[in-house]
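Visitor: Pasting a structure here, questions to come.
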Amino acid sequence: MHPKPRSIVFDLFGDCLRYTGGAARLQTLTELLVAFDVPEATTRVVMSRLRKEGWFATEKDGRSTVYRLTDRSWRLLDDGRQRIFERHRDPWDRHWRMVIYDVPESDRSARDRVRKKLRWWGFGPLAPSTWISPHDRLNEVAAALSEEPTARLDLLTCHSAGPAADLDMAARCWDLDGLHAALLRKRDAYRARLARYRSSPPKGREALVERLELVHDYRMLPFEDPDLPVELVPAGWVGREVHEMFLDAHERLRAEAEAYCTLAAREQSLERPR
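Quick note, the sequence shown lines up with residues 25 to 298 if you use our numbering.
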């Protein structure tokens, strides 16, 4: 089952079209989304809505409409790239970053958005309005929550009483047993993918579809996996192994997927005919 058309558009730009200028003709987008069984009429509706929401700007090039990423979209894609493709490698400094927020009871939707953004950046709830992370992402959180005018934030750096307290805090903030079980299932699925890619490498359209479905599957993980340092996870943790398998699968599909994307864009060149 393919992702929703809206998600496909962002994944196309995030994984391919951003590297060719961040713009595409509507005809190019409709052709690319056909690979995911999205009708042309649906693509037109989706792109119109995304433009109205401020994710894209449009311009005319002859009779064609060109969709360009806005600054807001570039920030979204940059943040997504960081959380999906990067993992912390340096030793943990044993400091916790803490966010204490206050949102009026009357603005429940804002409170839900704050929690979602904190979870995306790898923070977990130590208490109802107190979230922590072992990684220094306070600047990213401050930028993300600047769009929530009703939210008041206190951003702190602190440390616990020692390793035992650190382990206890991690266990209270995240369901580590449930997360590890999910990672084991994903490891098995990615092993099967990689075996298939080695024996019969996908080509052209199939490679593009496989690559974007892989990204769509993996990009949901940061909401659950805070990328904890080894000091805070049980022995045998497979999070890093799963991440390396994802990167391996993603890279194996790169050449064919990008070639298909480039060909579609070339056929609908942004240059005016001379």
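Quick reminder that beta carbons are idealized off the backbone N, C-alpha and C, glycines included.
1) Are residue 149 and residue 197 closer than 8 Å when you measure CB to CB?
2) Of all the options 81, 193, 26 and 58, which has the alpha carbon lying nearest to the alpha carbon of residue 48?
3) Between which residues of its own chain and residue 234 is the CB-CB distance below 7 Å, once the five residues before and five after are set aside?
4) One question on the structure: do residue 169 and residue 138 come within less than 8 Å of each other, judged by their Cβ atoms?
5) Between residue 33 and chain D, is there a C-beta pair that is closer than 8 Å?
6) Does DSSP put residue 297 in a helix, in a strand, or in coil?
7) Should residue 158 be labelled buried (16 or more other beta-carbon atoms within 10 Å of its own) or exposed?
8) Can you tell me whether residue 254 is buried or exposed, with buried defined as 16 or more other CB within 10 angstroms of its CB?
9) With DSSP as the reference, label residue 83 as helix, strand or coil.
10) So, are the CB atoms of residue 50 and residue 68 less than 8 Å apart?
11) Count Cβ pairs between the stretch 109-121 and the stretch 76-95 that sit closer than 8 Å; are there 3 or more?
12) Does the beta-carbon distance from residue 232 to residue 65 come in below 8 Å?
13) Can you tell which of 221, 289, 256 and 203 has its C-alpha closest to the C-alpha of residue 186?
14) For residue 298, which residues from the same chain have a beta carbon less than 6 Å from its beta carbon, with the 5 sequence-adjacent residues on both sides left out?
15) Quick check on DSSP: helix, strand or coil for residue 202?
16) Please report the distance separating the alpha-carbon of residue 52 from that of residue 26.
17) Just list the residues that DSSP pairs residue 156 with in beta bridges.
18) Report yes or no: do the stretch 111-118 and the stretch 84-98 share at least 3 C-beta pairs separated by less than 8 Å?
19) Sort 99, 220, 204 and 286 by Cα distance to residue 260 and report the nearest one.
20) Roughly how many angstroms lie between the CA atoms of residue 280 and residue 217, to the nearest whole one?
Guide: Judging by the given coordinates:
1) Start at 1 with the first residue of the sequence shown, and residue 149 comes out as number 125. Start at 1 with the first residue of the sequence shown, and residue 197 comes out as number 173. Yes, the pair counts as a contact, with Cβ atoms nearer than the cut-off.
2) For the purposes of this step, residue 48 is taken as the residue at position 24 of the sequence shown. The residue with the shortest Cα to Cα distance from residue 48 is 81.
3) If you number the sequence shown from 1, residue 234 lands on position 210. Once the five neighbours on either side are set aside, the close Cβ partners of residue 234 are 226 and 277.
4) As a position in the sequence shown, residue 169 is number 145, starting the count at 1. As a position in the sequence shown, residue 138 is number 114, starting the count at 1. In contact: residue 169 and residue 138 (Cβ atoms closer than 8 Å).
5) Within the model displayed, chain D is absent; a lone protein chain is all it includes.
6) For the purposes of this step, residue 297 is identified with residue 273 of the sequence shown, where counting begins at 1. Residue placement at residue 297 is flagged as unreliable, the pLDDT there being 40, under the threshold of 50; a coordinate-derived value is accordingly withheld.
7) The residue given as residue 158 occupies position 134 in the sequence shown. Residue 158 counts as buried, since no fewer than 16 other beta carbons sit within 10 angstroms of its beta carbon.
8) Here the question's residue 254 lines up with position 230 in the sequence shown. Classification for residue 254: exposed.
9) Here residue 83 refers to the residue found at position 59 when the sequence shown is read from its first residue. Three-state result, residue 83: strand.
10) Translated into the one-based positions of the sequence shown, residue 50 becomes position 26. Translated into the one-based positions of the sequence shown, residue 68 becomes position 44. It is a contact, given that the beta carbons lie within the stated cut-off.
11) Contact fails: fewer than three Cβ-Cβ distances are below 8 Å.
12) For the purposes of this step, residue 232 is taken as residue 208 along the sequence shown, with counting starting at 1. For the purposes of this step, residue 65 is taken as residue 41 along the sequence shown, with counting starting at 1. No, these two residues do not count as a Cβ contact at 8 Å.
13) Residue numbering aside, residue 186 sits at position 162 when the sequence shown is read from its first letter. Residue 186 has its Cα closest to that of 256, out of 221, 289, 256 and 203.
14) Start at 1 with the first residue of the sequence shown, and residue 298 comes out as number 274. Only weak support is given to the placement of residue 298: the predicted model assigns it a pLDDT of 33, under 50, and the question is left unresolved by the model.
15) Here residue 202 refers to the residue found at position 178 when the sequence shown is read from its first residue. The answer is helix: DSSP assigns residue 202 an H, G or I state.
16) The residue given as residue 52 occupies position 28 in the sequence shown. The residue given as residue 26 occupies position 2 in the sequence shown. Rounded to the nearest angstrom, the two C-alpha atoms are 19 Å apart.
17) Along the sequence shown, read from residue 1 onward, the residue named residue 156 stands at position 132. 122 and 148, per the DSSP bridge assignment.
18) Pairwise C-beta distances place the stretch 111-118 out of contact with the stretch 84-98, as fewer than three of them are shorter than 8 Å.
19) The residue labelled residue 260 in the question sits at position 236 within the sequence shown. Considering only alpha carbons, the answer is 204.
20) On the sequence shown, position 256 is the one that residue 280 refers to. On the sequence shown, position 193 is the one that residue 217 refers to. Distance between the alpha carbons of residue 280 and residue 217 is about 16 Å.
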